[in-house]
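**Student:**
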Amino acid sequence: MATIIINGTEYTLPEGERLNAIQAAQRFGIEIPYYCWHPALSVVANCRMCEIQVGAKDPKTGEIKMIPKMVPGCQTPAKDGTVIVTDSPEVQAHQSMIMEYLLINHPLDCPVCDQAGQCGLQDYSFKHGQSVHRFVEERTVNPRKDVSDQIQLNMDRCIMCTRCVRFTREITGTNELQVERRGNHAEITTFPDHPLDNPLAGNVVDLCPVGALLDKDFLHKQRFWFNDQHKSICTRCSTGCNVTAEENRGQIWRLRARYNPKVNDYWICDEGRYSYKSANDANLLPAMYVREGGSLQEAPVDRALDVARTRLKGIATEGGRIAAVVSPFLTVEEAYLLCSYVKGLSESAQLVLGPYPVEGDDVTFSPDQRAGRTGDTSFVVSRPFTIHAEKCPNRNGVERILKHFQGSVIPFDRFRTDAASQPFDALVITGGGHDPVYEGPEMTSLRDAAKFLVVQDVWPTDLAGLADVILSSATFAEKAGCYVNAGGRLQYASAALPPRDGSLPDLDILAILMERPGGGPVSSGDVLAELAQQVPGFEAVSRLEGEFPAFGLPLDDAETPTGGMAVYVDPWHAPRGKVTLAR
Amino acid sequence: MPAAESPSTAPLLNESIREKIRAYIPRYPDKRAVTLPALHIVHEHLRCVPYRAMEEIAEILDLKPADVHDTMSFYGFFPQAPIGEKRLWICRSISCMLRGGDELLDVACKAAGVGGSGQTTQDGALTVEFAECLGICDHAPAALCDDGRIYGPLDETKVAEMIRDVRDPSRAPAAEE
Amino acid sequence: MAAFEPVLTRNFAVEDSQALKVYESRGGYKAARKALTTMSPDEVVQLVKDSELRGRGGAGFPTGLKWTFLPKDRQQTFMCVNGDESEPATFNNRYLLERDPHQMIEGIIISCFATKASTAYLYNRFEYITATRIMEKAIAEARKAGYLGKNIFGSGFDLEIYVHRGAGAYICGEETGLIESLEGKRGWPRIKPPFPAVEGAFRKPTVVNNIETLCCVPHIIERGVDWFKSIGNPKSYGPKLYTISGHVNKQVCVELPLGVTTRQLIEEHGGGVWKSRKAKAAVPGGISMGLLSAEELDVPLDFEEIRKTGCLGLGTAAVTVIDDQTPIMDVLYNTCRFFAHESCGQCTPCREGTTWFYKTMKRIKAGGGRPEDLELMGQLANNMGLTPGTTICGLADGAAWPIKNALAKFRPELEDYIRTHQSPEARPTPLQEAIFQGVSPSRFDTSMPEPNEPLALPNAPGHNPRLTPGP
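This is the structure in structure tokens:
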């Protein structure tokens, strides 16, 4: 146990934790402002914003000796007896001096800057800055440039914290970004014809504490404060990165990485970052459809569901052969309801793992604790980041459920071949992925494999066009529920968008189909609790007490403690209270 | 940002330059440390370090081009566009300034027929630049030619003499190998 | 006191002093042989520690003490010889390299032996073209003679020295900047800890020493601690190379006991102030150390006394004399220009502050100076650098010190300069002035509105002097 004194109050830190002053103070709700420091990157102490007064308490005499000069908090270890002062007039004067320096060449273009509202310069300028500026000389105006097709660098807004440069050197190891020249003329740049195009490139935009690095995909589209922030899970691959989905006016505007040391650390890949676009796609199914007189007719939700339910029930009663394709884009709750529904219809029903794209091999970035880094790296906890080749969020979870219901998993390709020779009486197909997968002759051949075909998806695919009933379901953004990532971690994603007109979230569709008692919308929590009681591999959920853990729930192993910071969000990204309109 | 100089795929650095660079590798525990020597070698041969050369240095040293450019651009020594056969620095630091160094830079530029510091004569023979202290303050106000010749104390007449001297190939010290 | 006998420069006047033969004929490499064959590394360290040799590069840190910071259980050590002597007006290291390269090599051999370093990098600034050539030749010669390479003097000690050329960056004279530059990166100084002695070049324990410091080592071995401590002043022992430049008749480099005064240097070695003028001020040891006023020219130039004048330290002992016809503003303009050009750009206060100084000085020189500029510069200068703890390295202190000293010692002259050098077109624009005052200029009324009441600001340095109540 280490006792540290912050602004005159004693706090205790658990033994063996290597924290710096910023991290230690943050534990106890005291904010030391900073720009260049980031827990995953080398400490360079170049912005000088986090300077504090530091001293040590003599354990024997109790005497406190302060270091006469100021010290950056990012390079000050919080050890037993460390004394930290973060609010003295000296520290405040220093902070206002740094703000004055940083704003010398910074344009006052907050009204047109995308970072406004979550900007380190804005926040600290308000908190630590001053309303006058004593610099009356000519300002340096640095140019605006592109560092890649996707990312723009407004160099005039840059404060040279070098977070982005360190990211490409220390995390991705791709070294695209560099500093050019020195002193007041230094700039961030790329080498000609070597753009910042690594698979994690977009993270530099999240990392940038000011509005210098900007994602052109989001540029000038929305003001940050208009967007509702939803805690979501990226469904692009089976890593299950934690993301914040920003929504406004029924659209997702961007995804940002959300800290989870057990899964994605502070990062997301670009593929995941831009995967939100499928949720805004204009071609998503606009309604539910029922085949009438040989052609598909748009149908009200209740009618479409009714037709599907009645027909399936009828086929089951007649002893028909039934199969269901369980998409790995379904949440575990949805997969569970689908399986219990189909198995409830017919004990002999076949459950098939739905198709999902596999692209190349897994790509892992393994930042080293020391290699490629500079200075004291003992505060850095380096964790690998993997982009999985398996481009679906829940293969792991769906397989667990399939194994419970029928003992084994039937792969989709085998099912397709078998079904061609031995057609079924009814087939329920689910989708809901980022891309339309049920396309082309291989997929449309499934039409001949079933007398009655229900397609529950978000895309108007070739196969859906041949179905008897199309149930318009939810994109990843429109539903809430849990996914099990490749590492067996159960994570909850909340819904970021309401259901589209004419659609229902899969969970509700299935509850209605199976005439689940209780009526009304189904809570994913209730279903999860139910499935945890029954399905092996989900016992950890039943053992859970209190809230669902912030970093998800490992289903197979015990949770290991997290090194470094328990919670991390840059102060300028943290919500600072609600905006209320003046009356 | 300017694009890489040439679309040609032929290497800019010939084998002998590459060999010279590689010869430095055993001196250091890390290849990256050869960056500065490599830049010096390239600069001696090409009188500049263009982007293409940086890419090739990066290849030899297992680095990324941006690493080499990052290092190169930090230092004042390496020009990206070719400079003259001789490079002349006029010192503007305190000892020289006190004795008129600041004014002599303009005089030297005029004498050499260039528009200002950092420019090269039309015949490509001479580049005149300012320098922050050349460490030859015993000659202040002083100038240094990049073949090692030191000039100073300078005055207006001596600047003209100096320019003539630097431009005269017969006066240059024997090149070292 | 016995007459001072120069040792560091003893070979300078000898013909062909760069040749190994000549150096040996004058007793060269005896000290190295003695150290390597009769002493243990720890004994050498102890001897240097006892001599109280202090680093000649600027900070005056005790050399022997620095060596003891190396971890005891280290496997590999690097020696970096700091020849990036870029402090303006300093050229004593160039003399040592050009005129007696083997003394340098001998110093490196002994110091590497003491610190168990088997590789030494001599980081030479690129401007020392001749010195680099001479050093490379001398190293080859020494290597051929068996003084470098494997098993030197049969002691089992191996050493290679490589010359590493810099490329024009003042900051590479800072020890961690030098290490970064040696590693092939931009010369951005590193944060400390870890100190180079623990984790330096290539992440191995590293010693960074100045050229002149290492040149002293052979003489300490040869003549002993008592000899060394008989020279100079308390806490500042040994011989020192002083350079004198600026407004003197003879700009020279001389070896003298530590503690000589500026006046002695000017009169006895510099041939007096040029043009029969008087000295108004002097820079004691490179411009980053600050300024001495005419009254302070009799202060001994050693590590301790000089600080009492408000200067940062002895620095490189490069004395620059400023005559009474030169405005101090010109000197400040020059130093501000230098530091704005040489700031590495890493730490915010230095990157922005040095350029701020330079731009302000440029305006004042052009005739746009305002009386409040001096106060503002003083406030900025007081809050930047290693001393207040706001930067990683000491470059910002060097930028701030001449300003602080000039304001303390020459303020009336500076104020007078601003008053008498006025040209309205160089003044800040009304908009800039308005921002400075914290008021918005109206679009319709061109006269500046007066603020109704002073803005509430934390009472802290670094604030608008007009709005902050005085002491």
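Chains as they are written, first to last, in our numbering: chain P, 824 to 1406; chain Z, -9 to 167; chain S, 6 to 476.
Think of the CB as a built atom: it goes at the ideal place given N, C-alpha and C, for glycine as much as any other residue.
These figures come from a predicted structure and were not determined experimentally.
Can you pull the chain S residues whose beta carbon is under 8 Å from the beta carbon of Z/Asp20, in chain order?
**Tutor:** Result: Glu188, Gly189, Phe207.
**Student:** Can you tell me whether P/Phe1049 is buried or exposed, with buried defined as 16 or more other CB within 10 angstroms of its CB?
**Tutor:** Answer is exposed; the Cβ neighbour count stays below 16.
**Student:** Can you name the start and end residues of the beta strand (DSSP E) that P/Ala825 belongs to?
**Tutor:** Note, P/Ala825: beta strand (DSSP E), 825 to 829.
**Student:** Are three or more beta carbon pairs between the segment 1191 to 1204 of chain P and the segment 1005 to 1024 of chain P nearer than 8 Å?
**Tutor:** As far as the Cβ criterion goes, the segment 1191 to 1204 of chain P does not touch the segment 1005 to 1024 of chain P, which means the pair count is below three.
**Student:** Return no unless some Cβ of chain P is closer than 8 Å to the Cβ of Z/Ala56.
**Tutor:** Yes, because at least one Cβ of chain P sits closer than 8 Å to the Cβ of Z/Ala56.
**Student:** Would you mind giving the Cβ-Cβ distance between P/Leu1108 and P/Ile1293, rounded to the nearest angstrom? I have them listed as a contact below 8 Å.
**Tutor:** Right, the Cβ-Cβ distance comes to about 7 Å (below 8 Å), so this counts as a contact.
**Student:** Within 8 Å, do at least three Cβ pairs link the segment 835 to 848 of chain P to the segment 1054 to 1068 of chain P?
**Tutor:** Verdict: no, contact absent.
**Student:** Look at the Cβ atom of P/Leu1289, then the Cβ atom of P/Ala1273, and state whether they are nearer than 8 Å.
**Tutor:** For P/Leu1289 and P/Ala1273, no; Cβs fall outside 8 Å.
**Student:** How do the segment 214 to 224 of chain S and the segment 79 to 97 of chain S stand: do at least 3 beta-carbon pairs fall below 8 Å, yes or no?
**Tutor:** Touching, yes, given that three or more Cβ pairs across the two stretches are closer than 8 Å.
**Student:** Who are the neighbours of S/Tyr133 on chain Z, taking C-beta pairs under 7 Å?
**Tutor:** Gly125, listed in chain order.
**Student:** Can you tell me the Cα-Cα spacing of S/Asn388 and S/Val288, whole angstroms?
**Tutor:** Roughly 22 Å between the two C-alpha positions.
**Student:** Per DSSP, what are the beta-bridge partners of S/Pro262 in this structure?
**Tutor:** According to DSSP, S/Pro262 bridges with S/Pro244.
**Student:** What's the gap between the Cα of P/Asp903 and the Cα of P/Val1149?
**Tutor:** Answer to the nearest angstrom: the Cα atoms are 55 Å apart.
**Student:** Here's the rule I'm using: 16 or more other beta-carbon atoms within 10 Å means buried, otherwise exposed. How should P/Asn1106 be labelled?
**Tutor:** So P/Asn1106 ends up on the exposed side.
**Student:** From the DSSP output, in three-state form, read off S/Met453 for me.
**Tutor:** Low confidence applies here, because S/Met453 scores a pLDDT of 46, under 50, leaving its location unreliable and the question unanswered by this model.
**Student:** Take every Cβ of the segment 932 to 940 of chain P, pair it with every Cβ of the segment 342 to 349 of chain S, and state whether three or more of those distances are shorter than 8 Å.
**Tutor:** The answer is no - the segment 342 to 349 of chain S does not touch the segment 932 to 940 of chain P, with fewer than three Cβ pairs under 8 Å.
**Student:** Is there at least one Cβ from chain Z nearer than 8 Å to P/Val867's Cβ?
**Tutor:** It does not; no Cβ of chain Z falls within 8 Å.
**Student:** How would you write the range of the beta strand (DSSP E) that P/Thr1067 sits in, first residue to last?
**Tutor:** 1065 to 1071 is the span of the beta strand (DSSP E), which, as asked, contains P/Thr1067.
**Student:** Could you work out which residues of chain Z lie near S/Gly192, taking near to mean beta carbons separated by less than 7 Å?
**Tutor:** Residues of chain Z passing the Cβ test: Phe64.
**Student:** Hey, could you find the ends of the alpha helix (DSSP H) Z/Ile7 is sitting in?
**Tutor:** Note, Z/Ile7: alpha helix (DSSP H), 5 to 14.
**Student:** Which whole runs of the alpha helix (DSSP H) in the segment 12 to 44 of chain Z are 4 residues long or more, in chain order?
**Tutor:** Listed in chain order, they are 25 to 36.
**Student:** Output the residue ranges of the alpha helix (DSSP H) runs that lie fully inside the segment 123 to 185 of chain S and measure 4 residues or longer, sorted by chain position.
**Tutor:** Those alpha helix (DSSP H) runs which fall completely within the segment 123 to 185 of chain S and span 4+ residues are 134 to 149.
**Student:** Using Cβ-Cβ distances below 9 Å, what residues of the segment 101 to 133 of chain Z are close to chain S?
**Tutor:** From the segment 101 to 133 of chain Z, only Ala121, Glu122, Cys123, Leu124, Gly125, Ile126, Cys127, Asp128, His129, Ala130 have a Cβ closer than 9 Å to chain S.
**Student:** How should S/Asn156 be labelled, buried or exposed, when 16 other C-beta atoms within 10 angstroms of its C-beta is the threshold for buried?
**Tutor:** It counts as exposed.
**Student:** Taking only runs of the alpha helix (DSSP H) that begin and end inside the segment 1223 to 1305 of chain P, which ones reach a length of at least 4 residues, in chain order?
**Tutor:** Qualifying alpha helix (DSSP H) stretches, in chain order: 1235 to 1244, 1264 to 1267.
**Student:** To the nearest angstrom, how far is the alpha carbon of S/Met453 from that of S/Ala431?
**Tutor:** Below a pLDDT of 50, predicted positions are generally treated as unreliable, and S/Met453, at 46, falls in that range; no measurement from the model is reported.
**Student:** Find the nearest neighbour of P/Thr1495 within the set P/Leu926, P/Phe949, P/Arg1114, judged by alpha-carbon distance.
**Tutor:** With chain P running from 824 to 1406 in the structure shown, residue 1495 of chain P is simply not present.
**Student:** Please classify S/Leu337: is it buried, with 16 or more other beta-carbons within 10 angstroms of its beta-carbon, or exposed?
**Tutor:** Per the 10 Å Cβ criterion, buried.
**Student:** S/Pro433: buried (16+ other C-beta within 10 angstroms of its C-beta) or exposed?
**Tutor:** Buried.
**Student:** Keeping to the same chain, check which residues put their C-beta closer than 8 Å to that of S/Pro46; ignore five residues upstream and five downstream.
**Tutor:** Hits under 8 Å: Phe118, Ala119, Thr120, Lys121.
**Student:** Can you have a look at S/Phe449 and say buried or exposed, based on whether 16 or more other CB atoms are within 10 angstroms of its CB?
**Tutor:** Bear in mind that the predicted position of S/Phe449 carries a pLDDT of just 45, short of 50, making it too unreliable to give a figure here.
**Student:** I'd like to know whether the C-beta of Z/Arg154 is nearer than 8 Å to at least one C-beta of chain S.
**Tutor:** For Z/Arg154, the answer is no, since every Cβ of chain S falls outside 8 Å of its Cβ.
**Student:** Closest to Z/Phe64 by CA distance: which of S/Leu270, S/Pro376, S/Gly189, S/Lys240 is it?
**Tutor:** The shortest C-alpha separation from Z/Phe64 is found at S/Gly189.
**Student:** Go ahead and label P/His1053 buried or exposed: buried means 16 or more other beta carbons lie within 10 angstroms of its beta carbon, across all protein chains shown.
**Tutor:** By the 10 Å Cβ count, P/His1053 comes out buried.
**Student:** Quick one: what's S/Gly373 bridged to in DSSP?
**Tutor:** Note: S/Gly373 sits in a beta bridge opposite S/Gln427.
**Student:** Shorter than 8 Å from the beta carbon of P/Glu1222 to some beta carbon of chain S?
**Tutor:** Taking Cβ atoms only, chain S never reaches closer than 8 Å to P/Glu1222, which makes this a no.
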